[in-house]
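**Q**
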Amino acid sequence: MKRILSLVVIVVSIQLSQAQNEQPVDSVKNLKVIHLKPNSLIGSKFEAQNRTGSSYYMSSTDLSKFNYTDVNRALLSIPGVNVTEEDGFGLRPNISLRGTQAERSSKITLMEDGVLIAPAPYSAPAAYYFPNIARMEAIEVLKGSSQVQYGPFTTGGAINFVSSSIPNELNGYARMSMGNYNSRQTELRIGDSGEQWGYMVDFLNFSSDGFKSIDNGGNTGFDRNDYSGKLSYRSKASAKIQQSLTLKLQYSEGLDKETYLGLTDADFETNPYRRYLGSAVDNIVTEHDQIQLTHLIKPAHNITVQTTAYSNNFKRNWYKLDYVNTGNGRVSINNILTDPTTYASEYNAISSGQDTAEDVLGVKANNRVYYSRGVQSKVNLRFGNDILSDLELGVRYHTDQEDRFQWVDLYGVENGQLALTSPATRGTDANRVSDAEAIAFHALYKANFGKLTLTPGLRYEDITLTRDNYGSNDPGRTGASLSSRENSVNVFIPGVGANYRINNLWSFFGGVHKGFSPPGSAPDADAEESINYELGSRFLIKGLRGETTVFFNDYSNLLGSDLAAIGGGGTTDMFNAGEVNVAGIEVSFSYDLFEGNSNWSLPLTLNYTHTQTEFQNAFDSNVYGEVVIGDEIPYIAENQWSFLAGLSHSKFDINANARFVGEMRTVAGSGNTIASERVDRNFIIDISGRYNFNKNLTGTLNMINVLDNEYAVSRQPAGLRPGHPFGINAGLIARF
22 MKRILSLVVI VVSIQLSQAQ NEQPVDSVKN LKVIHLKPNS LIGSKFEAQN RTGSSYYMSS
82 TDLSKFNYTD VNRALLSIPG VNVTEEDGFG LRPNISLRGT QAERSSKITL MEDGVLIAPA
142 PYSAPAAYYF PNIARMEAIE VLKGSSQVQY GPFTTGGAIN FVSSSIPNEL NGYARMSMGN
202 YNSRQTELRI GDSGEQWGYM VDFLNFSSDG FKSIDNGGNT GFDRNDYSGK LSYRSKASAK
262 IQQSLTLKLQ YSEGLDKETY LGLTDADFET NPYRRYLGSA VDNIVTEHDQ IQLTHLIKPA
322 HNITVQTTAY SNNFKRNWYK LDYVNTGNGR VSINNILTDP TTYASEYNAI SSGQDTAEDV
382 LGVKANNRVY YSRGVQSKVN LRFGNDILSD LELGVRYHTD QEDRFQWVDL YGVENGQLAL
442 TSPATRGTDA NRVSDAEAIA FHALYKANFG KLTLTPGLRY EDITLTRDNY GSNDPGRTGA
502 SLSSRENSVN VFIPGVGANY RINNLWSFFG GVHKGFSPPG SAPDADAEES INYELGSRFL
562 IKGLRGETTV FFNDYSNLLG SDLAAIGGGG TTDMFNAGEV NVAGIEVSFS YDLFEGNSNW
622 SLPLTLNYTH TQTEFQNAFD SNVYGEVVIG DEIPYIAENQ WSFLAGLSHS KFDINANARF
682 VGEMRTVAGS GNTIASERVD RNFIIDISGR YNFNKNLTGT LNMINVLDNE YAVSRQPAGL
742 RPGHPFGINA GLIARF
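In our numbering, each residue carries its 1-based index in the sequence shown increased by 21.
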């Protein structure tokens, strides 16, 4: 914490001395004022620069520089965002904001177009479904008191993905590319608007054969299709009351030949891209659909009412190796790879390729069905003369469900291939239904007193969580051995933010708010609660734009979750981890070396995040192990930074993204780490280029990990896992 305070003092001192020597100029130079879009949280870089809390807006221009389909690579360029990679493609991201647990992004509020998008945000928040960023036109990140009106997770922050909007005129877009590992991307989009009607249709496919090799052969890639469309109707421009109605439909499907099975340290050192034969049949099949209907009405010039009804359905079956039994009882794949010497016979069964007895490998069908439905409405009122005021009142009614109907098939190895020896009856493993019902209210008041802007806010959540467990002996769900449980919580979540503009060059912002995460359905599980503080500054000094923020999250109770994705038992039960402190600093600087040049631009951006975590009490758990006071939370890098540079001309642009992620401990602990309990630091460079043949046709070239570094990204769910090696693709973009 002392290091963080020292950094803050240095940065603020520099800003003070520079600001005194500068003449006030427009503080948002080159930032166009853009009004908020209906399903956007921030709306523009201008809005992000003027909030009373920390926020970040990644525009369509930012996203198009690299055309990432891996959301991890995009988010790692945002201060305060920690990511634990897993599969090298970003198929199921593990995202942390300001030190929250990253596992399956389950501790942050995830939204698409302002609507909760996790499969079951309250009852099962682990994000096994994640929006494809290739069809997004913006990513919005809210942190600190800036995100009190969004929930249910208010500790770290909220991320909103803004999908492609309906264009103002006839517009067509086609993008196709191919690359190594037989990677392919295709996006086709067309839309138009008339006086009252508008539409947009989008198709996205991206796939790869994968960069790993299974012993004795096999594809390790994925294939995904995503279809979406929007249809809008709005009143005539001459209408006394302006209103609009927008229907959004989305459907996606995917087959990912992914596994939880990683490698031992020794095997990773020999070939990090190897996959054991034991994972040969592992795959996940997914299907997602969304219906969203948004009504926007402006009954008066200073009143806006927006109402959205939504329904999300998600199916997935992750069929993957779970355990090995060579006659000594079941041994989890995590235990095998952690200690292959003790479990030598089990290790040989998955890695040697030699024939085994029947029923040695337990492959679990993690078959689950989810839904998430609700309706939300908010009213925005603007009033005042001497004191400009903005009041937002909102309400949301939400229900969601996770239905687990799982089984375990048994395999053996025959002639160097996996052979099904004992198929199981469906529903004879996890066989339960978890439900949630929640109603939330929020109020946010924004008052402008000249140079000072205050935004007090209050959120209220009333949540009921239930679980009906039919048991593994009742696949027909007769209820013969039904056990049920219920937990409920209602909570007020206050927060206040402030922004004080010293002059047009320099401003301070800060805030304090309550952090909250819902508990599980177990009656003895308490909600996660914390008090979170932030203090920051934004400045513009001779073209150098910057933002620095220091934050401190004081947890009175951190909630952990027993996820198989982190090497746990997969029950997803919540447990109380007690008091934790998380502190950090976020820094962002940007400067265009050719500012003012109408033909060229050379923007440079440096982002840095420093995070410190510390448990304040001792406890034991299956996930964290034996924790003592002073231990650090695993999988949070203490230091990470990114540096982006670009050279742009009307005919072409070249962009480079260099990023560093520091060493991460993989189990709770303090002091020096041992090799088996850490993931080493990594440094990766991505480069992209575009050439405009004319206004309608552009050529693209994208390279990731251009140094072809071999590096580990995680020891979760089981064993070491590699990052993506050198990748390259070339393509064309056509517009009309």
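Cβ coordinates follow ideal geometry from the N, Cα and C atoms, glycine included. A quick note: this is a predicted structure, and the numbers were derived from the prediction, not measured.
Put Gln170 into one of helix, strand or coil per three-state DSSP.
**A** Here residue 170 refers to the residue found at position 149 of the sequence shown. Here Gln170 sits in coil by DSSP.
**Q** Tell me which residues share the same chain as Met595 and place their Cβ nearer than 6 Å to its Cβ, disregarding the 5 neighbours each side in the sequence.
**A** To locate residue 595, count along the sequence shown from 1; it is residue 574. The answer, listed in chain order, is Pro540, Gly541, Ala546, Leu580, Ser582.
**Q** The alpha helix (DSSP H) that contains Ala69, what's its start and end?
**A** Walking along the sequence shown from the start, residue 69 turns up at place 48. Here the alpha helix (DSSP H) through Ala69 covers 66 to 70.
**Q** In the structure shown, what three-state DSSP assignment does Ala147 receive?
**A** As a first step, residue 147 is located in the sequence shown; it is residue number 126 there, counting from the start. Three-state result, Ala147: coil.
**Q** Ignore the nearest five residues each way along the sequence and tell me which others in Ser691's own chain have a CB closer than 7 Å to its CB.
**A** For the purposes of this step, residue 691 is taken as residue 670 along the sequence shown, with counting starting at 1. These residues qualify, in order along the chain: Gly651, Asp652, Glu653.
**Q** Using the C-alpha atoms, what's the distance from Ile312 back to Ser249?
**A** Sequence index remark: in the sequence shown, residue 249 carries index 228 (1-based). Sequence index remark: in the sequence shown, residue 312 carries index 291 (1-based). Cα to Cα, Ser249 sits roughly 10 Å from Ile312.
**Q** Taking only three categories from DSSP, how would you classify Glu379?
**A** Numbered from 1 along the sequence shown, position 358 holds the residue referred to as residue 379. Coil, per DSSP.
**Q** Compute the Euclidean distance between the alpha carbons of Gly200 and Ser228, then round it to the nearest angstrom.
**A** The residue given as residue 200 occupies position 179 in the sequence shown. The residue given as residue 228 occupies position 207 in the sequence shown. About 10 Å.
**Q** Per DSSP, what kind of secondary structure is Lys53 in: helix, strand or coil?
**A** The residue given as residue 53 occupies position 32 in the sequence shown. Note that Lys53 has pLDDT 36, beneath the 50 cutoff, so the model's placement of it is unreliable and the number below is only indicative. Here Lys53 sits in coil by DSSP.
**Q** Would you call Gly518 buried or exposed, if buried means 16 or more other Cβ atoms sit within 10 Å of its Cβ?
**A** If you number the sequence shown from 1, residue 518 lands on position 497. The residue is buried, with at least 16 neighbouring Cβ atoms inside 10 Å.
**Q** Could you tell me which whole beta strand (DSSP E) segments of length 3 or greater appear in the region 347 to 413?
**A** Those beta strand (DSSP E) runs which fall completely within the region 347 to 413 and span 3+ residues are 382 to 404.
**Q** Measuring straight from C-alpha to C-alpha, what distance separates Gln397 and Glu600?
**A** For the purposes of this step, residue 397 is identified with residue 376 of the sequence shown, where counting begins at 1. For the purposes of this step, residue 600 is identified with residue 579 of the sequence shown, where counting begins at 1. Approximately 34 Å, taken between the alpha carbons.
**Q** Who pairs with Leu475 in a beta bridge, going by DSSP?
**A** Within the sequence shown, residue 475 is the residue found at index 454, counting from 1. Note: Leu475 sits in a beta bridge opposite Ala468, Ala519.
**Q** Which runs of the beta strand (DSSP E), 3 residues or longer, sit entirely within the region 307 to 350?
**A** Those beta strand (DSSP E) runs which fall completely within the region 307 to 350 and span 3+ residues are 324 to 345.
**Q** Quick one: using the 10 Å Cβ neighbour count with 16 as the cut-off for buried, is His463 buried or exposed?
**A** On the sequence shown, position 442 is the one that residue 463 refers to. Classification of His463: buried, given that the 10 Å Cβ count is 16 or more.
**Q** Could you give the distance in angstroms between the alpha-carbon of Ala258 and the alpha-carbon of Ser185?
**A** Here the question's residue 258 lines up with position 237 in the sequence shown. Here the question's residue 185 lines up with position 164 in the sequence shown. For Ala258 and Ser185, the distance between alpha carbons rounds to 24 Å.
**Q** For Ser455 versus Gln427, is the C-beta distance shorter than 8 Å?
**A** Locating residue 455 in the sequence shown gives position 434, counting from the first residue. Locating residue 427 in the sequence shown gives position 406, counting from the first residue. No. Outside cutoff.
**Q** Under 8 Å, do Asn717 and Phe757 count as touching if we go by C-beta distance?
**A** The count along the sequence shown starts at 1 and reaches residue 717 at position 696. The count along the sequence shown starts at 1 and reaches residue 757 at position 736. For Asn717 and Phe757, yes; Cβs fall inside 8 Å.
**Q** Pick from Gly238, Ser735, Glu216: whose alpha carbon is nearest that of Pro114?
**A** For the purposes of this step, residue 114 is taken as residue 93 along the sequence shown, with counting starting at 1. Answer by Cα proximity: Ser735.
**Q** Roughly how many angstroms separate the alpha carbons of Asn508 and Gln327, rounded to a whole number?
**A** In the sequence shown, the residue the question calls residue 508 occupies position 487. In the sequence shown, the residue the question calls residue 327 occupies position 306. Approximately 32 Å between the Cα atoms of the pair.
**Q** Give the range of the beta strand (DSSP E) segment to which Asn553 is assigned.
**A** Counting from 1 along the sequence shown, the entry for residue 553 is found at position 532. Where Asn553 is concerned, the enclosing beta strand (DSSP E) stretches over 549 to 562.
**Q** Excluding the five sequence neighbours on either side, which residues of its own chain have a C-beta within less than 6 Å of the C-beta of Phe704, listed in chain order?
**A** For this step, residue 704 is matched to residue 683 along the sequence shown. Counting only Cβ-Cβ distances below 6 Å, and skipping sequence neighbours, we find Phe681.
**Q** Out of Leu565, Asn406, Phe573, Asn452, which one is the CA nearest neighbour of Ala468?
**A** For the purposes of this step, residue 468 is taken as the residue at position 447 of the sequence shown. The residue with the shortest Cα to Cα distance from Ala468 is Asn406.
**Q** Which residue spans inside the region 197 to 243 form an unbroken beta strand (DSSP E) run of at least 3?
**A** Fully enclosed beta strand (DSSP E) runs of 3 or longer: 204 to 214, 218 to 229.
**Q** List, from N- to C-terminal side, the alpha helix (DSSP H) runs of 4 residues or more that fit wholly inside the region 620 to 698.
**A** Counting only runs of 4 or more, we get nothing.
**Q** Work out the CA separation of Ile357 and Leu475 for me, nearest whole Å.
**A** Within the sequence shown, residue 475 is the residue found at index 454, counting from 1. Within the sequence shown, residue 357 is the residue found at index 336, counting from 1. C-alpha separation (whole angstroms): 55 Å.
**Q** Just confirm the distance between the C-beta atoms of Phe636 and Ala677, as a whole number of angstroms; I'd bet it's less than 8 Å.
**A** On the sequence shown, residue 636 is found 615 positions in, with the first residue counted as 1. On the sequence shown, residue 677 is found 656 positions in, with the first residue counted as 1. Contact doesn't hold; Cβ gap of about 39 Å is too wide.
**Q** DSSP three-state label for Ser126, please.
**A** Position 105 of the sequence shown, counting from 1, holds the residue named residue 126. It is helical.
**Q** Do Asn511 and Arg119 have their C-beta atoms within less than 8 Å of each other?
**A** Numbered from 1 along the sequence shown, position 490 holds the residue referred to as residue 511. Numbered from 1 along the sequence shown, position 98 holds the residue referred to as residue 119. Taking 8 Å as the Cβ cut-off, Asn511 and Arg119 do not qualify as a contacting pair.
**Q** For Lys251, write down the residues that DSSP places opposite it in a beta bridge.
**A** Within the sequence shown, the letter at position 230 stands for residue 251. Answer by DSSP bridge pairing, in chain order: Met221, Lys269.
**Q** For Ser204, count the other beta carbons within 10 Å of its own beta carbon; 16 or more makes it buried, fewer makes it exposed. Which is it?
**A** Indexing the sequence shown from 1 puts residue 204 at position 183. Flag for Ser204 reads buried.
**Q** On the CB-based measure, 16 or more other CB atoms within 10 Å of its CB, does Arg125 come out buried or exposed?
**A** By 1-based counting over the sequence shown, the position of residue 125 is 104. Per the 10 Å Cβ criterion, buried.
**Q** How many Å lie between Asp613 and Asn103 at the Cα?
**A** In the sequence shown, counting from the first residue as 1, residue 613 sits at position 592. In the sequence shown, counting from the first residue as 1, residue 103 sits at position 82. Computed Cα separation, rounded: 27 Å.
**Q** State the Cα-Cα distance for the pair Thr207 and Val608, rounded to the nearest angstrom.
**A** Working through the sequence shown from its first residue, we reach residue 207 at position 186. Working through the sequence shown from its first residue, we reach residue 608 at position 587. Cα-Cα distance, rounded: 36 Å.
**Q** Pick out whichever of Thr442, Val306, Val92 has its Cα sitting closest to the Cα of Val390.
**A** One-based indexing of the sequence shown puts residue 390 at position 369. Among Thr442, Val306, Val92, the Cα nearest to that of Val390 is on Val306.
**Q** Residues in its own chain within less than 6 Å of Ser669 by CB, not counting five upstream and five downstream?
**A** As a working mapping, residue 669 is identified with position 648 in the sequence shown. Within the same chain, Ser669 has close Cβ partners Ser622.
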